[in-house]
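Under the numbering used here, think of the first position of the sequence shown as 27, with each following residue one higher. Ideal Cβ positions, reconstructed from N, Cα and C, are used throughout, including at glycine.
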Amino acid sequence: MSDENKNKNSEQKAGEGGEETGAPGKKKIVIEVKQTKELDQEKAKRIIKISRRVMTVLILLAFGFMFLEYGCAKIPSLNDAMAPAFPGGRTVLYDRLFRYHDGAWPACGRPNANLNRKFIIMFRKKIGTRKSELFSRIIAIAGDTVTLEKGRIHVNGDEISGVEPGKIPEGKVPAFHFIVLNDNIDSPAPDSRVFGYVKAEEIYGRVVTLMPAWMN
27 MSDENKNKNS EQKAGEGGEE TGAPGKKKIV IEVKQTKELD QEKAKRIIKI
77 SRRVMTVLIL LAFGFMFLEY GCAKIPSLND AMAPAFPGGR TVLYDRLFRY
127 HDGAWPACGR PNANLNRKFI IMFRKKIGTR KSELFSRIIA IAGDTVTLEK
177 GRIHVNGDEI SGVEPGKIPE GKVPAFHFIV LNDNIDSPAP DSRVFGYVKA
227 EEIYGRVVTL MPAWMN
């Protein structure tokens, strides 16, 4: 065999050997890419799983907070104190944590900051020997000046028209005290005309809204 043929055969074998040598390298790269994809998929699955758990916990906490903060109460059918806006026999939604926040913000040392004039409150008041659960509208808060002129109630100079004063106290309303008046002034349900001030510790809720009739 000539030298030329020997050289060609040697080159051919060398080429074939090179291809055989390179094949395992390619397979290794393919395996590594596949493993990387699998790891990425597993990582994505773990992130999704954790995210779902976090969302579930947050939703449960939100519902728990709602049940903690808000309550429902049925107005006695014979209680027409706040009619017609809040008729007897209907259900109201009230805020239990009113004293701990001022609007959407924490009270931060200002308890009852979320109670203002025209707000409707729910409170327990001892009248005589009996303690009753009542609700009525605030007409004066701590620092307001109440005067009685010609048989009419004036709060900071503004007249509350058409209302006999009864036992509503005159002068500056003390801290953590409120004066309330029923919307239906002819209702037999008592308000500050009967018992005077409502103390902050006697209040247990602030009425938020009237619930739909089907919830009664």
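Item	Value
Under the three-state DSSP convention, the category K157 falls into	strand
Where K144 falls: helix, strand or coil (DSSP)	coil
Nearest residue (CA-CA) to F221, options G114, L65, D106 and R156	R156
Own chain residues within Cβ distance below 8 Å of C98, not counting five before or after	T117, V118, L119, Y120, M237 and M241
Spatial distance of M92 from P191 (CA atoms)	39 Å
Minimum C-alpha distance to A168 - residue among G114, V224 and G177	V224
Within the segment 48 to 114, ranges of the beta strand (DSSP E) (whole runs, at least 3 residues)	96 to 100
Where V220 falls: helix, strand or coil (DSSP)	helix
Same chain, Cβ closer than 7 Å to F112, neighbours up to 5 away in sequence not counted	I101, V118 and L236
M81 burial status per 10 Å Cβ neighbour count (16 or more: buried)	exposed
Per DSSP, the bridge partner or partners of K151	S158
Beta-carbon proximity check, F204 vs I164, cutoff 8 Å	yes
Of the residues K69, D217 and V172, the one placed nearest F149, counting alpha carbons only	D217
Euclidean distance between Cα positions of T62 and E68	10 Å
Rounded distance between the beta-carbons of S213 and A88, thought under 8 Å	Their Cβ separation, rounded to whole angstroms, is 38 Å, which puts A88 and S213 out of contact at 8 Å.
Between the CA atoms of G90 and R72 - distance to the nearest angstrom	27 Å
Nearest residue (CA-CA) to E196, options R219, S187 and A215	R219
Test item: CB-CB of I194 and I179 under 8 Å	yes
Reduced DSSP secondary structure (H/G/I, E/B, other) of R125	helix
Boundaries of the beta strand (DSSP E) in which R232 is found, first to last residue	I229 to L236
A226, DSSP secondary structure in three states	helix
Separation of V199 from L207, as counted between CA atoms	15 Å
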